[in-house]
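Worksheet for the structure shown next.
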Amino acid sequence: MGLPIFALIFALVIHTFIENSQTLQTSFYVESLILLVFSIYFFLYLIYNGFEVRITDEVSKTFTREYLFSYLKNELKKNENYALMLISIDNLNDINTLYGIKNGDRVLEETAKWIAAYFKAQKIENFPLGHIKGGDFIIGLEGSESEYTTLLELMCLKSDEMSVDDIEIKLSGAITDTSYSHELDYMVENLFELQEQRRNSREALPEEPMTPNELESSVINAINKRKMSIMAQDVYEDGVVAFKECFVKLRSPTDKPIYPKTYTKIINRLGLTVEYDLMVLETLLLSTSNNEDIYALNISPTSLRNEKFLQKTKELLRETKKKLMFVLEEAEYFSHTSKYNSILHSLKNSGVLIAISRLGSIHSSFLYLRELDIDIVRFDTYYSKLEKLKENRSVVEGFHVMAKEKGVKTWIKNLENEESVSLAQELQVSYTQGKMLSGLEEV
Numbered sequence: 346m347g348l349p350i351f352a353l354i355f356a357l358v359i360h361t362f363i364e365n366s367q368t369l370q371t372s373f374y375v376e377s378l379i380l381l382v383f384s385i386y387f388f389l390y391l392i393y394n395g396f397e398v399r400i401t402d403e404v405s406k407t408f409t410r411e412y413l414f415s416y417l418k419n420e421l422k423k424n425e426n427y428a429l430m431l432i433s434i435d436n437l438n439d440i441n442t443l444y445g446i447k448n449g450d451r452v453l454e455e456t457a458k459w460i461a462a463y464f465k466a467q468k469i470e471n472f473p474l475g476h477i478k479g480g481d482f483i484i485g486l487e488g489s490e491s492e493y494t495t496l497l498e499l500m501c502l503k504s505d506e507m508s509v510d511d512i513e514i515k516l517s518g519a520i521t522d523t524s525y526s527h528e529l530d531y532m533v534e535n536l537f538e539l540q541e542q543r544r545n546s547r548e549a550l551p552e553e554p555m556t557p558n559e560l561e562s563s564v565i566n567a568i569n570k571r572k573m574s575i576m577a578q579d580v581y582e583d584g585v586v587a588f589k590e591c592f593v594k595l596r597s598p599t600d601k602p603i604y605p606k607t608y609t610k611i612i613n614r615l616g617l618t619v620e621y622d623l624m625v626l627e628t629l630l631l632s633t634s635n636n637e638d639i640y641a642l643n644i645s646p647t648s649l650r651n652e653k654f655l656q657k658t659k660e661l662l663r664e665t666k667k668k669l670m671f672v673l674e675e676a677e678y679f680s681h682t683s684k685y686n687s688i689l690h691s692l693k694n695s696g697v698l699i700a701i702s703r704l705g706s707i708h709s710s711f712l713y714l715r716e717l718d719i720d721i722v723r724f725d726t727y728y729s730k731l732e733k734l735k736e737n738r739s740v741v742e743g744f745h746v747m748a749k750e751k752g753v754k755t756w757i758k759n760l761e762n763e764e765s766v767s768l769a770q771e772l773q774v775s776y777t778q779g780k781m782l783s784g785l786e787e788v
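In this note's numbering, the protein residues as written are 346 to 788.
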């Protein structure tokens with residue numbers, strides 16, 4: 346863009362100098378010099394700015410996240426009805442590991458082409474398609490969610506046939522529209538939540554829908570005013586109650602229940618994790634009267650590694666003399682295990698038992714079983730269904746033996762019936778627990 350302008354200015358100055366060299370005044374030389382300096386500056390600025398502004402992603406050849414979000418915000422302002430669709434390559438990490446990053450990049454590009462070709466075959470063209478992160482693409486579509494739901498389902502079914510050379514690709518998707526929110530950030534969050542629900546397809550607790558702004562405001566209000574209810578469920582060892590697991594629901598200003606699957610991401614996003622955990626911990630310790638019962642409470646590992654949380658927890662335990670178990674779940678492995686162990690030891694000295702959740706599902710739980718000084722490890726709920734427990738009998742037995750060698754007890758929850766309980770006991774699992782909705786009592 347700048348080169349023609351620079352060339353014309355240079356040509357004009359040289360031509361004027363040659364034709365009128367005898368009559369030119371000193372001001373001409375000064376003005377020419379200034380003009381050349383500014384044109385060179387403009388030229389270099391355009392080059393530099395060209396590196397900064399990028400519309401398309403180098404790998405997938407689709408829009409970058411920054412440009413796509415900017416484009417979609419304008420579209421949401423212009424259109425009353427607008428839908429966003431999320432398409433994800435579920436096995437991209439496996440592809441990168443097995444076939445190399447270059448092949449992973451090729452899969453991203455080929456998937457984007459396949460998506461575009463599929464939409465074109467459905468007579469849908471000129472839509473924005475952008476690469477958001479990892480194997481995730483977002484598509485913007487004019488109209489409502491109902492117009493494209495069937496298309497999305499058929500596309501995910503058709504993707505079973507899709508491969509790049511010998512590399513199999515697994516796609517999943519979700520869709521939302523402006524009936525949920527006109528705020529792009531909320532819509533994108535909702536897409537990932539919907540997709541996670543589809544993948545897990547576990548029983549969902551009934552919950553009345555709220556708008557994102559209302560939900561966020563309700564969560565903040567519940568934390569500030571300590572509006573919550575804590576339910577407890579018995580966990581058994583050899584038919585005797587060993588401890589109780591706690592479940593927390595927040596309450597909206599209109600007293601609607603807000604469940605963890607809804608409020609946890611909001612608390613994390615707003616940076617209220619420590620405040621939330623302290624609030625629940627203090628409420629539990631001050632509301633229970635029996636000093637003999639042990640209450641198991643889900644605590645964020647981030648809070649556990651926070652100095653303020655640790656100090657307050659120890660103060661509360663000294664004052665109330667209650668018994669607690671902290672249940673920890675962490676997808677990303679925390680490598681400073683010596684520091685982690687020193688924190689756990691200080692809590693155990695205050696009478697807190699430590700449990701690690703989701704053994705047999707997330708990698709970090711296995712590493713923590715191996716490296717941390719813990720008391721209990723809980724199997725992932727994948728193994729709770731009777732048929733899965735039967736199919737993976739050797740896996741459960743193997744993990745139990747490993748835990749026993751470390752002096753750690755095992756725990757399995759959400760068992761559906763007596764047959765499941767009997768099988769878990771046959772596999773020598775230390776603690777058994779019923780389904781989430783059975784035997785709940787308010788604390």
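Glycine included, each C-beta is placed from N, C-alpha and C at the ideal position.
Task: First and last residue of the uninterrupted beta strand (DSSP E) at A641 - done: Taking the sequence shown and counting its residues from 1, the one referred to as residue 641 is at position 296. Where A641 is concerned, the enclosing beta strand (DSSP E) stretches over I639 to N643.
- [ ] Report yes if the C-beta distance between K312 and S775 is below 7 Å; otherwise report no.
- [x] As displayed, the chain neither begins before 346 nor continues past 788, which places residue 312 out of reach and without an answer.
Open item on the list: Using a 10 Å radius around the Cβ and a threshold of 16 neighbouring Cβ atoms, would you call Y386 buried or exposed?
Closed with: By one-based count along the sequence shown, residue 386 stands at place 41. It counts as exposed.
- [ ] Return the first residue and the last residue of the alpha helix (DSSP H) that F711 is part of.
- [x] Numbered from 1 along the sequence shown, position 366 holds the residue referred to as residue 711. Element bounds for F711: H708 to E716.
Open item on the list: Within a Cβ cutoff of 6 Å, which residues of the same chain sit near V586, ignoring the five residues on either side of it in sequence?
Closed with: To locate residue 586, count along the sequence shown from 1; it is residue 241. If we look at V586 and ignore the five residues flanking it on each side, its Cβ neighbours are D579.
TODO: Less than 8 Å between the CB atoms is what I'm expecting for I483 and G475, so what's the real figure, rounded?
DONE: Within the sequence shown, residue 483 is the residue found at index 138, counting from 1. Within the sequence shown, residue 475 is the residue found at index 130, counting from 1. Sure, about 6 Å apart at Cβ, within 8 Å.
Open item on the list: Determine whether the beta carbon atoms of Y493 and A428 lie at a separation below 7 Å.
Closed with: Working through the sequence shown from its first residue, we reach residue 493 at position 148. Working through the sequence shown from its first residue, we reach residue 428 at position 83. Yes, Cβ-Cβ distance for Y493 and A428 is below 7 Å.
TODO: Buried or exposed for K589, please, with buried defined as at least 16 other CB atoms from any protein chain shown within 10 angstroms of its CB.
DONE: Reading the sequence shown from its first residue, position 244 is the one you call residue 589. Buried is the call here.
Task: Residue environment, S634, which counts as buried when at least 16 other CB atoms sit within 10 Å - done: Here the question's residue 634 lines up with position 289 in the sequence shown. Exposed.
TODO: Pick out whichever of R544, Q770 and V619 has its Cα sitting closest to the Cα of I434.
DONE: Numbered from its first residue, the sequence shown carries residue 434 at position 89. Nearest C-alpha to I434: R544.
Task: H527 (DSSP reduced to helix, strand or coil) - done: Counting from one through the sequence shown, the residue named residue 527 turns up at place 182. In the structure shown, H527 sits in coil (DSSP, three-state: anything other than H, G, I, E or B).
Open item on the list: Between which two residues does the beta strand (DSSP E) holding G449 run?
Closed with: Along the sequence shown, read from residue 1 onward, the residue named residue 449 stands at position 104. Where G449 is concerned, there is no enclosing beta strand (DSSP E), although the alpha helix (DSSP H) it sits in stretches over I446 to A466.
TODO: Can you give me the Cβ contacts of Y608 inside the same chain, cut-off strictly under 6 Å, excluding the 5 residues immediately before and after it?
DONE: Taking the sequence shown and counting its residues from 1, the one referred to as residue 608 is at position 263. Cβ within range, chain order: V564 and L595.
Task: Test item: CB-CB of F408 and P473 under 7 Å - done: Position 63 of the sequence shown, counted from the start, is the residue given in the question as residue 408. Position 128 of the sequence shown, counted from the start, is the residue given in the question as residue 473. Contact flag set, yes.
Task: Status (buried if at least 16 other CB within 10 Å, exposed otherwise) for S680 - done: Against the sequence shown, residue 680 aligns to sequence position 335. Exposure of S680 is indicated by the presence of fewer than 16 other C-beta atoms within 10 angstroms of its C-beta.
Task: Residues near L714 in its chain [Cβ-Cβ closer than 6 Å; skip 5 each side] - done: Numbered from its first residue, the sequence shown carries residue 714 at position 369. Only V722 meet the Cβ criterion.
Open item on the list: To the nearest angstrom, how far is the alpha carbon of A549 from that of Q542?
Closed with: Residue 549 sits at position 204 when you count from the first residue of the sequence shown. Residue 542 sits at position 197 when you count from the first residue of the sequence shown. Legend: pLDDT at A549 = 44, less than 50; position of this residue unreliable, value from coordinates given subsequently. The alpha-carbon atoms of A549 and Q542 are separated by roughly 9 Å.
Task: Three-state secondary structure (DSSP) of A769 - done: For this step, residue 769 is matched to residue 424 along the sequence shown. If DSSP states are grouped into helix, strand and coil, A769 belongs with the helices.
Open item on the list: Give me the DSSP bridge partner(s) of Q578.
Closed with: By one-based count along the sequence shown, residue 578 stands at place 233. Paired residues: E590.
TODO: Measure the alpha-carbon distance for K659 versus T628 and round it to whole angstroms.
DONE: Stepping through the sequence shown from its first residue, residue 659 is reached at position 314. Stepping through the sequence shown from its first residue, residue 628 is reached at position 283. Straight-line Cα distance between these residues: approximately 15 Å.
Open item on the list: Here's the rule: buried if 16 or more other CB atoms are within 10 angstroms of the residue's CB, otherwise exposed. What is R703?
Closed with: Start at 1 with the first residue of the sequence shown, and residue 703 comes out as number 358. Classification for R703: buried.
- [ ] List the endpoints of the continuous alpha helix (DSSP H) containing I565.
- [x] One-based indexing of the sequence shown puts residue 565 at position 220. Boundaries of the alpha helix (DSSP H) harbouring I565: P557 to K570, taken from the DSSP string.
Task: Cut-off 7 Å between Cβ atoms - residues of its own chain near M624, not counting five sequence neighbours on either side - done: Reading the sequence shown from its first residue, position 279 is the one you call residue 624. Around M624: I568 and R571.
TODO: Output the residue ranges of the beta strand (DSSP E) runs that lie fully inside the segment 346-416 and measure 3 residues or longer, sorted by chain position.
DONE: none
TODO: Ignore the nearest five residues each way along the sequence and tell me which others in N535's own chain have a CB closer than 6 Å to its CB.
DONE: For the purposes of this step, residue 535 is taken as residue 190 along the sequence shown, with counting starting at 1. If we look at N535 and ignore the five residues flanking it on each side, its Cβ neighbours are T521 and Y525.
- [ ] State buried or exposed for F654, treating a residue as buried only when at least 16 other CB atoms are found within 10 Å of its CB.
- [x] Walking along the sequence shown from the start, residue 654 turns up at place 309. Flag for F654 reads buried.
Open item on the list: Which residue wins for smallest C-alpha separation from A356, given the options S765, L380 and E411?
Closed with: In the sequence shown, residue 356 corresponds to position 11, counting from 1. For A356, the nearest C-alpha among the options comes from L380.
Task: Given V788 as reference, the closest of M576, N686 and M500 once Cα atoms are compared - done: Translated into positions along the sequence shown, residue 788 becomes position 443. Nearest C-alpha to V788: M576.
Task: D439, DSSP secondary structure in three states - done: Here residue 439 refers to the residue found at position 94 of the sequence shown. DSSP places D439 in helix when its eight states are reduced to three.
TODO: Count the other CB atoms, across all protein chains shown, that sit within 10 Å of the CB of N759; report buried if there are 16 or more and exposed otherwise.
DONE: The residue given as residue 759 occupies position 414 in the sequence shown. By the neighbour-count rule (16 or more Cβ atoms within 10 Å), N759 is buried.
TODO: Could you check what DSSP says for R650 in three-state terms: helix, strand or coil?
DONE: Reading the sequence shown from its first residue, position 305 is the one you call residue 650. Of the three classes helix, strand and coil, the one that applies to R650 here is coil, per DSSP.
TODO: Compare the Cα-Cα distances from G480 to each of L516, E411, A462 and L496 and report the closest residue.
DONE: Stepping through the sequence shown from its first residue, residue 480 is reached at position 135. The option with the nearest alpha carbon to G480 is L516.
TODO: Return the CA-CA distance between N436 and K657, expressed in angstroms with no decimal places.
DONE: Counted from its first residue, the sequence shown places residue 436 at position 91. Counted from its first residue, the sequence shown places residue 657 at position 312. Cα to Cα, N436 sits roughly 42 Å from K657.
Task: Nearest-angstrom Cα separation, counted from S574 out to L502 - done: If you number the sequence shown from 1, residue 502 lands on position 157. If you number the sequence shown from 1, residue 574 lands on position 229. Going from the Cα of L502 to the Cα of S574 covers about 42 Å.
Task: Among K606, G584, V404 and Y581, nearest to F592 - alpha-carbon criterion - done: The count along the sequence shown starts at 1 and reaches residue 592 at position 247. Here the closest residue by C-alpha is K606.
Task: Residues sharing a beta bridge with R723, DSSP - done: Here residue 723 refers to the residue found at position 378 of the sequence shown. DSSP, once it has assigned bridges, lists W756 as partnering R723.
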